[in-house]
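Novice: Using my numbering, the first residue of the sequence shown is number 24, and each one after it goes up by one.
C-beta atoms are modelled at their ideal positions from N, C-alpha and C, and glycine is treated no differently.
All values derive from a computational prediction rather than experimental measurement.
This is the structure I have questions about; it appears just below.
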Amino acid sequence: MGFVKKSANKTPIVDTVFAIVAKAKEAKLTYGDENVVDATIGSLYGEDGKIVAYKTIFDSFDEIPSARKAGYAAGFQGNPDYRKLCKEWTLGKGNVDLECSVIATPGGTGAVSLTMTEFLEVGETVIIPNIAWGSYAIMAQDKQLNVARYEMFDGDHLNLNSIKEQVNALKGKQNRIVIVVNDPCHNPTGYTMTNNEWEELIEFLNEVGKTTPCIILNDIAYIDYAYDVAHSRDYMKVFEKMSENVMVVIAMSCSKTCTSYGMRCGAAVICAHSKEDVREAEIVFEKSARALWSNINNAAMINFVNVIENHEDEFNNEKDYYIDLLKQRSDIFIKEADECGLEYYPFKEGFFVTIKIEDNALKAKYHEVLMENHIYTVQVNQGIRVATCSLPVNKAKGLAKRMKEILDTMK
Ligand code: PLP
């Protein structure tokens with residue numbers, strides 16, 4: 024009989040990342056750290072093989088009095104100063120002329136989840152990339168939504184035609200369209216859209232909006248690791264060109280930005296032309312927040328405000344060092360991949376590079392054989408993710424060539 028409701032999906036989550044992370048750990052104990060390449064972990068790790076925890080962030084955190092850490096946040100929407108800061112931080116000092124509201128969320132996850140739930144009815148379809156962070160599909164399923172996937176790439180650029188096809192297929196068939204755009208620094212390929220691609224997307228959605236309102240869910244979890252971080256928000260200016268029938272919800276996360284994944288702090292930044300539309304979304308997001316998690320980690324919100332108000336330069340300097348380190352690691356891998364002809368998806372910046380293997384059966388086999396050779400990576404749809412965010416420079420060297428040689432033995 025069972026106790027769980029009939030409609031629930033009772034298949035356990037297959038966490039492809041954590042299972043392989045554990046295998047890599049075991050291999051390091053058995054064969055020695057120097058003999059194993061562990062490119063599994065999706066958090067920022069230093070050259071010493073340890074997780075990075077920014078000094079600016081955690082020194083500030085330690086200074087917060089216990090009584091403030093103990094207390095609830097000021098409201099279900101989040102603390103007012105945190106909400107104000109999130110708007111400025113996300114939009115680049117508020118440089119986007121739209122109506123906006125911010126709801127604090129537990130990481131970017133909370134913002135993605137709210138957006139899927141509050142705009143789509145049960146049984147409707149959310150559009151996500153074909154190569155994507157696995158949680159989008161899990162969240163959709165949990166909300167009893169269907170998933171349609173657009174092809175990420177056409178050659179070396181975004182496949183806008185595929186996006187158009189998926190959107191057109193839903194146009195007029197459901198009340199609203201929600202499309203997930205994980206940009207810049209797409210997980211797991213490291214692609215970043217050009218301003219022209221953003222322009223074309225908005226232009227297209229404005230047309231669709233004439234019959235079916237559209238919501239862009241712009242997931243910016245990795246934005247603060249864009250190589251030209253000072254201009255990483257420039258593309259958001261294009262949101263001003265959205266029509267009255269298009270809205271953007273930007274899922275902002277402190278997890279990567281502050282190396283504080285476990286503190287569960289982020290925000291949904293809701294932007295549109297009409298004050299009423301933004302207010303309506305704010306109301307339902309706030310209620311849903313109240314129902315699901317009540318309020319957000321007070322200390323994490325206080326801390327982000329304190330760091331940015333009082334130690335912003337120090338924090339940026341600390342983070343810049345790691346942006347440069349990520350670039351060094353990725354540059355080595357990409358250069359060597361180019362030299363030996365190991366194909367990867369269009370990469371510009373970010374935490375990961377993804378080897379292109381469109382045949383999923385071959386990919387699964389290849390993944391196994393890589394492990395037999397003590398190279399640990401993560402499988403994604405049509406690809407093998409190499410987490411340069413946790414791969415030291417010395418392990419990045421020579422890796423592409425080894426991976427290519429192993430792949431060649433399988434063809
Ligand atoms: N979006 C993407 C693409 C991610 O990879 C992640 C985390 O891995 C998130 C959002 C959300 O992370 P968090 O909920 O910790 O902010």
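Compare the beta carbon distance of residue 426 and residue 393 with 8 angstroms and say whether it is the shorter of the two.
Specialist: Yes.
Novice: Please determine whether the Cβ atom of residue 389 lies at a distance below 7 angstroms from any heavy atom of ligand 1.
Specialist: No - ligand 1 has no heavy atom lying nearer than 7 angstroms to the Cβ of residue 389.
Novice: Can we count residue 55 as close to ligand 1, meaning its CB is less than 7 angstroms from some heavy atom?
Specialist: Residue 55 Cβ: outside cutoff for every heavy atom of ligand 1.
Novice: Please list, in chain order, all residues with a C-beta atom less than 6 angstroms from at least one heavy atom of ligand 1.
Specialist: Per the Cβ criterion, the list is 65, 130, 131, 132, 156, 205, 210, 242, 244, 276, 278, 284, 289.
Novice: Rounded to whole angstroms, what's the CA-CA distance from residue 331 to residue 128? Just pull it up for me.
Specialist: So the alpha carbons of these two residues sit roughly 19 angstroms apart.
Novice: Once DSSP output is grouped into helix, strand and coil, what is the label at residue 103?
Specialist: Here residue 103 sits in helix by DSSP.
Novice: Which of the three DSSP states is assigned to residue 122 in this structure?
Specialist: Residue state, collapsed to three classes: strand.
Novice: Apart from the five residues just before and just after residue 322, which ones in its own chain have a Cβ nearer than 6 angstroms to its Cβ?
Specialist: Cβ neighbours of residue 322 beyond the five flanking positions: 87, 92.
Novice: Among 44, 314, 54, which residue has its Cα nearest to the Cα of residue 396?
Specialist: Answer by Cα proximity: 54.
Novice: Residue 246 by DSSP, collapsed to three states: which one?
Specialist: Helix at residue 246.
Novice: If I'm right that residue 423 touches residue 411 with Cβ under 8 angstroms, what's the distance once you round it to whole angstroms?
Specialist: 11 angstroms between Cβ atoms; not a contact.
Novice: Output the boundary residues of the alpha helix (DSSP H) element that contains residue 130.
Specialist: Where residue 130 is concerned, the enclosing alpha helix (DSSP H) stretches over 130-142.
Novice: Does residue 220 pass the burial test, meaning 16 or more other C-beta atoms within 10 Å, or should it be called exposed?
Specialist: Under this definition residue 220 is a buried residue.
Novice: Closer than 8 angstroms is the cut-off here; do at least three beta carbon pairs connect the stretch 125-140 with the stretch 273-288?
Specialist: Cβ pair count under 8 angstroms is three or more, so yes.
Novice: Per the DSSP calculation, residue 270 is bridged to which residue(s)?
Specialist: Its beta-bridge partners are 238.
Novice: Give me, in chain order, the residues of the same chain whose beta-carbon lies closer than 7 angstroms to that of residue 416; leave out the 5 immediate sequence neighbours on both sides.
Specialist: Excluding residues within five positions, the ones whose Cβ falls inside 7 angstroms are 70, 351, 352, 355.
Novice: Can you grab the Cα-Cα spacing for the pair residue 34 / residue 244, in whole Å?
Specialist: About 28 angstroms.
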